[in-house]
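Chemist: Quick one: structure below, then a few questions.
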Amino acid sequence: MSKEMIVTDEDFVLDVSSDITTDRNFASQSFWKGVFTRFKNNKRAMTGLVIIILIFILAVFGPMISGYGYKEIITNGQTQEVAKSLAPRIPALHRLFTGADYQDAFAGKVFLFGTDSLGRDLFTRVWYGARVSLMIAFVTILIDMLIGMSYGLISGYFGQVCDGIMQRFVEIANSIPRLVIVGVLATFMPKGVWLVIVALLLTEWIGMSKIARAEMLKIKGQEYIMASRTLGAKSFRIIFSDVLPNTIGPVITQVMFSIPTAIFTEAFLSFVGVGIVLPQCSIGSLIEDGFNNITTLPYQILPPIIVLALLMLAFNFVGDGLREALAPRIEDM
Amino acid sequence: MAKYIIKRVFMALVTLFMITFLLFLLVRIMPGNPFPSERMSAEAIAKKRAEMGLDDPILVQFGNYLKNVIGKGSFGKGSSLYNGAPISTVLPGCMANSFKIGGLSILIGVVFGLILGIGAALNRGHFWDTFCTVLSILGVCVPSYVFMIFLQYFLAYKVTIFPFYFDMSRFMGSSIIPALSLSLFSMSTIARFTRNEMVEVMDSDYVLLAESKGMYGTKLVTKHILRNALIPIVTVIAPLIVDLLTGALVVEKIYGINGLGKLMVDAISGEGIDYNYVLALGIIYSALYIGIMLVLDITYGLLDPRIRLAGRKES
Amino acid sequence: MADKILEIKNLDISFKTTAGMVHAIRGVNVDLERGETVAIVGESGSGKSVVMKTAMRLLAGNATINSGEIIFRYKDDKGDLQEVDILKKEKQWVRQNINGRKIAMIFQDPMTSLDPTMTIGNQLIEGMIMHLGLSKEEAKARAIELLEEVGITDAKKRYKQYPHQLSGGMRQRVVIAIAISCYPDLLICDEPTTALDVTIQSKILDLIKKIQKDRGISVIYITHDLGVVAKVADYVNVMYAGRIVEVGNVDEIFFDPKHPYTWGLLSAMPDLDTDDDRLYTIPGSPPNLLNEIQGDAFAARNRFALKADRIEQPPMFKVSETHFAATWLLDERAPKIDMPEELKRRIERMRRSAAEKQ
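Chains as they are written, first to last, in this note's numbering: chain A, 7 to 339; chain B, 111 to 425; chain C, 5 to 362.
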């Protein structure tokens, strides 16, 4: 009971907080600031983000720092010997550990990931391929986002017959497996980047439109939309300036999950042989190259696979993190 | 409920019809040369076209095509694959191979996915849970064919436990690698989904009420938690099967399995595109997908009393 | 000595959350005599549900019980009086012997508290088969009786239906039927009427009251609604930020409240006769229990806070044999501070209308 001794006679005077009416527990914090804080505190999501940024930087600068071109066949200046299928090498490290230099025609050259069977530097090609894959993914997913969001918002906003028809269409489009779309496209389109892009454009918007429509249906009935309508706002204005900002969160989350799907699709199409054509390369075509030589040169397949796995992993982590940050689960009390 | 099923079946048939028409239209009217051989003369091509009915109005062509498919089960002949043998003679064998391997991998995926997911949910925060998380991350970031390449390299090349290529005479042994690699994704997805559903159900009010009634242990898990958690799992199986179809494309190609996937790859990636194969496979894949979705939809309805009794889904 | 069915002593619970440890229950004492009704009143988040869930060992896995005892006294099958500390028993033992059998609970939201994939009947007989060892047929016959007892018409048809086919009020009646199916000694009602329409609320309260009278069971109400408290309770525990701040019988709490928080609650009660321009609200919001609280948790929102409130948590001061309050205002050294004039007038009105009713 010694604690009670702390209270002395002088303490028995009124002492009312001056700011009694201010609520400091729930101090105003903007929605996005909250999302940002939650995202920042999510270790997985931040790891994902760091990986994505690193891969981005390498995809942009990697091919530059290696000093080789992505389709350059590396030869020895004097003998014209081609640097075919070399294992990864860093001369300085080699000297450090063995005390000797490489004894072949490419003694002074650095090949971080080795070279492929045609004598091209794999380090350059992997990052160049990553660049191609990322570009395809980003461009198509952004376009898909625009298409899907507009479609979903319009369908959800107008409802009734319009929604019925538009949703029937989505249902049919959704019932065609992606590989069938690719197959049909391949009958009249040349193989290459465009085939991959069109195939992705035709499939990935559906998920986005579903999310946008669901958000629209949720928001449509809320008071502030009614208020906006009573004030005379036109449909277009309500869709794009009142509802759209509220759908951004879930849609961006969906984008984070669609990008790995796009990268994966590209990799798979290129692997099958209808995607990227030589001498261009992408993650998928590099994996195919590696696979063709897997029994003799197993190291060739590892870099593109690791980059692919890291990308998928990172985007999924960021997507999960965003989803949690946007809709935190209330702790059970 | 009968009304619900009839409506679903009808809708599925309509969708399939429309997709068939769409595919037919695209394959037939889009620019492209259906005859791979460059050496054919202009007259020969014209003759061949007339012979094949390619000069008829497109609707007539479609009508004839449908008549052949439904009436005779004939999808026409291939042009570059199998020396132009009728597609209907090639298909059954390929389908059987694909179904066997696909079925096996779905079975592995569902069974182990459920076991893992349930184990993880019941041991939240412990070893199983972590294992389940790691597996689901792995499943998400490693495509099935990459996993397959690893399995092939280590289990069939470094250590020769399994055959390096598919071998009909050693069906079981040579199914392991493709089935296992195809099941990785569905296993991890089902495991993660099951875990999350279970956790959600375990935190629900009705489980709390059941516990307050004195329910515990196995009875609580089987009677209240599992039943509620497993119903939604039916909904993720359909998209998983689609992913499986896509994955099977590469896996069959790599492992040399004569299945639908390899047929599709051969039809589109060779020198000449085989139009009839693309069309036939497109229809078969779509029918498969729609059929699977239909079955799962109805199963879902049968399992959930809210749909079974109301006759429609609550939105 | 009176027969206490339940004694919660010095209960202290923390929750591990992603944000840190939340010290949700900070030394709670609640007593309940056999056959009586106690209400625990407080704002949402004050921890009132947590206390009662602990008594049934229904806490989530992230909860840690730091200290405390929950003594429960019941007659076993032979008719001998047993005394257990629920916190010291195995969870499984509690499920087998206490939950549903001796203590039953009615939850807040009948829309979510019934298993959607199981018929009403199966949910009802589950407990009876387990606790009373009835056969399925016996249990079914009793279940139909129970459904009729709680006022469900067409009980045989309802028995076979699923929860989604019933209205909210009916579902709550089913939950009550489940709760009383095994003759419990103690019924815990966690905001039993909050999620229901106003017209159904009083019917459900009457039903619980009737069951209590017929069966002579003890009831604990957890609620934030003082209207409900006035209607049903014998004793009231006012809870704030994980502590009981005032205890008393219903007259003492309503007509002679001592704690400034109780004053606030009473002033904030909507009332037809109030001629003041606007409804009084307690300023601010409950403290964040992530941070350890120095002094009295209510001080920051208290218009009558003393310097002492900021230094040391006030002990329970005795007002009468049954009435205690934890506020330094009751210390003899404290300045003479009485409840606000508005509240005084309001209590006067309540007293008069109560007298008229009798």
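Think of the CB as a built atom: it goes at the ideal place given N, C-alpha and C, for glycine as much as any other residue. Because the structure is a prediction, the values reported are computed rather than measured.
Under a three-way DSSP split, which group does residue 109 of chain C fall into?
Modeler: Residue 109 of chain C falls in the strand class under three-state DSSP.
Chemist: Using three-state DSSP, classify residue 18 of chain C as helix, strand or coil.
Modeler: Residue 18 of chain C falls in the strand class under three-state DSSP.
Chemist: Please list, in chain order, all residues of the same chain as residue 161 of chain C whose beta carbon is under 8 Å from its beta carbon, the five residues on each side excluded.
Modeler: Correct list: empty, nothing qualifies.
Chemist: Among all the DSSP beta bridges, which residues are the ones paired with residue 244 of chain C?
Modeler: C:247.
Chemist: So, are the CB atoms of residue 179 of chain C and residue 117 of chain C less than 7 Å apart?
Modeler: Yes. Within cutoff.
Chemist: For a contact meaning CB atoms closer than 8 Å, what does residue 235 of chain A contact in chain B?
Modeler: Within 8 Å Cβ-Cβ: nothing; residue 235 of chain A doesn't reach chain B, min ~23 Å.
Chemist: Are any of the Cβ atoms in chain C nearer than 7 Å to that of residue 18 of chain A?
Modeler: Chain C, which has a Cβ nearer than 7 Å to the Cβ of residue 18 of chain A, makes this yes.
Chemist: From this set, C:23, C:57 and C:334, which residue's C-alpha is nearest residue 225 of chain C's C-alpha?
Modeler: Nearest option by C-alpha distance: C:57.
Chemist: Just to confirm the assignment, what range does the beta strand (DSSP E) spanning residue 115 of chain C have?
Modeler: Where residue 115 of chain C is concerned, there is no enclosing beta strand (DSSP E), given that its DSSP letter is neither H nor E.
Chemist: Output needed for residue 14 of chain C: all residues of its chain with C-beta closer than 8 Å, excluding positions within five of it in sequence on either side, in chain order.
Modeler: Contacts found: 31, 32, 33, 71, 72 and 73.
Chemist: Among the residues of its own chain, which have a CB less than 7 Å from the CB of residue 198 of chain B, if the five just before and after it don't count?
Modeler: Within the same chain, residue 198 of chain B has close Cβ partners 183, 184 and 185.
Chemist: Which word fits residue 2 of chain A, buried or exposed, when buried means at least 16 other C-beta atoms lie within 10 angstroms of its C-beta?
Modeler: Past the edges of chain A, shown from 7 to 339, lies residue 2 of chain A, and the structure says nothing about it.
Chemist: Return the bridge partner residues of residue 196 of chain B from the DSSP annotation.
Modeler: Answer is B:187, bridged to residue 196 of chain B.
Chemist: Report the residue ranges of all alpha helix (DSSP H) runs contained in full by the segment 219–281 of chain B; include only those spanning at least 4 residues, in chain order.
Modeler: Entirely contained in the segment 219–281 of chain B, the alpha helix (DSSP H) runs reaching 4 residues are, in chain order, 237–251 and 254–261.
Chemist: If you drop the 5 nearest sequence neighbours on each side, which residues of the same chain put their C-beta closer than 6 Å to that of residue 3 of chain A?
Modeler: The first residue shown for chain A is 7 and the last is 339, placing residue 3 of chain A beyond what the model contains.
Chemist: Of all the residues that make up the segment 160–182 of chain A, which are near chain B by a beta-carbon distance shorter than 7 Å?
Modeler: From the segment 160–182 of chain A, only 177, 178, 181 and 182 have a Cβ closer than 7 Å to chain B.
Chemist: So, is residue 8 of chain A buried or exposed, given that buried needs 16 or more other C-beta atoms within 10 angstroms?
Modeler: The predicted model places residue 8 of chain A with a pLDDT of 39, which falls under 50 and marks its position as unreliable, so this point remains unresolved.
Chemist: Once you ignore the five residues that flank residue 425 of chain B on each side, which residues in its own chain have a CB closer than 8 Å to its CB?
Modeler: In this predicted model, residue 425 of chain B has a pLDDT of only 34, less than 50, meaning its place in the structure is not dependable; the value taken from the coordinates is given anyway. Closer than 8 Å at the Cβ level, and outside the excluded window around residue 425 of chain B, lies no residue.
Chemist: Smallest Cα separation from residue 337 of chain B: which of B:317, B:322 and B:282?
Modeler: Among B:317, B:322 and B:282, the Cα nearest to that of residue 337 of chain B belongs to B:317.
Chemist: Out of B:263, B:132, B:111 and B:116, point me to the one whose CA is closest to residue 181 of chain A's CA.
Modeler: When each option's Cα is compared against that of residue 181 of chain A, the closest is B:132.
Chemist: Rounded to a whole number of angstroms, what is the C-alpha to C-alpha distance between residue 276 of chain A and residue 204 of chain A?
Modeler: Their Cα atoms are separated by approximately 14 Å.
Chemist: Assuming residue 430 of chain B and residue 297 of chain A form a contact by the criterion Cβ under 8 Å, report the distance between their Cβ atoms to the nearest whole angstrom.
Modeler: No answer is possible for residue 430 of chain B: it lies beyond the span of chain B, which begins at 111 and ends at 425.
Chemist: List, in chain order, every chain C residue whose beta-carbon is nearer than 8 Å to that of residue 416 of chain B.
Modeler: 120, 166 and 168, listed in chain order.
Chemist: Can you tell me the Cβ-Cβ gap for residue 185 of chain A and residue 395 of chain B, rounded? I've got them flagged as a contact below 8 Å.
Modeler: Residue 185 of chain A to residue 395 of chain B, Cβ: 7 Å. Contact.
Chemist: With distances taken between CB atoms, is the gap from residue 131 of chain C to residue 186 of chain C smaller than 7 Å?
Modeler: Contact flag set, yes.
Chemist: Please tell me whether residue 36 of chain C has its Cβ less than 7 Å away from any Cβ of chain D.
Modeler: No chain D appears in the structure shown, which is made up of the protein chains A, B and C.
Chemist: Where does residue 77 of chain A fall in DSSP's three states?
Modeler: DSSP places residue 77 of chain A in coil when its eight states are reduced to three.
Chemist: Any C-beta of chain A within less than 8 Å: which residues of the segment 324–342 of chain C qualify?
Modeler: The residues in question are 332, 335, 337, 338, 339 and 341.
Chemist: Strictly below 9 Å CB to CB, what residues from chain A border residue 396 of chain B?
Modeler: Within 9 Å Cβ-Cβ: 181, 182, 183 and 186.
Chemist: Grouping DSSP H, G and I as helix and E and B as strand, with all else coil, what is residue 10 of chain C?
Modeler: Reduced to three states, the DSSP call for residue 10 of chain C is strand.
Chemist: Could you tell me if residue 84 of chain C is buried or exposed, where buried requires 16 or more neighbouring beta carbons within 10 angstroms of its beta carbon?
Modeler: Flag for residue 84 of chain C reads exposed.
Chemist: Going by C-alpha to C-alpha distance, which of A:192, A:263, A:139 and A:219 sits closest to residue 156 of chain A?
Modeler: Taking only the C-alpha atoms, the option nearest residue 156 of chain A is A:219.
Chemist: Which residue comes first and which comes last in the alpha helix (DSSP H) that contains residue 278 of chain A?
Modeler: 250–278 is the span of the alpha helix (DSSP H), which, as asked, contains residue 278 of chain A.
Chemist: At the level of alpha carbons, what is the spacing between residue 130 of chain A and residue 354 of chain B?
Modeler: In a straight line, the C-alpha of residue 130 of chain A is about 33 Å away from that of residue 354 of chain B.
Chemist: Note down, in chain order, every chain B residue with its Cβ under 7 Å from the Cβ of residue 134 of chain C.
Modeler: Neighbours of residue 134 of chain C on chain B, chain order: 324.
Chemist: So is residue 344 of chain C in contact with chain B if we call contact Cβ pairs under 7 Å?
Modeler: Judged by the 7 Å Cβ criterion, residue 344 of chain C is not in contact with chain B.
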